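The structure appears below as structure tokens.
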């Protein structure tokens, strides 16, 4: 509890992704009142030309609160 899955275009360094994951973890801890050790963050890189198809398939059935316009 909780897990955050970030999907993004390829090209960011491991350092950038780690810093972003750390910030997401800090935010979740503050907002949800949980301990850092129960928060996990993963990244999946998706090529731009496959983005719409992959995202549509992967988030099917999920509650989407903010939709992108691509």
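In the working numbering, the protein residues as written are 47 to 116. The beta-carbon is built from N, C-alpha and C at its ideal position, and this holds for glycine as well. Small disclaimer: the values here were computed from a predicted structure and weren't measured.
Assignment of beta strand (DSSP E) within the segment 74-109, counting only whole runs of 3 or more residues, yields 86-91 in chain order.
Excluding the 5 residues flanking it on each side, residue 70 has same chain C-beta neighbours closer than 6 angstroms at 50 and 87, in chain order. The Cβ atoms of residue 116 and residue 97 lie closer than 8 angstroms to each other. With a cutoff of 8 angstroms on beta-carbon distance, residue 85 and residue 48 are scored as near each other.
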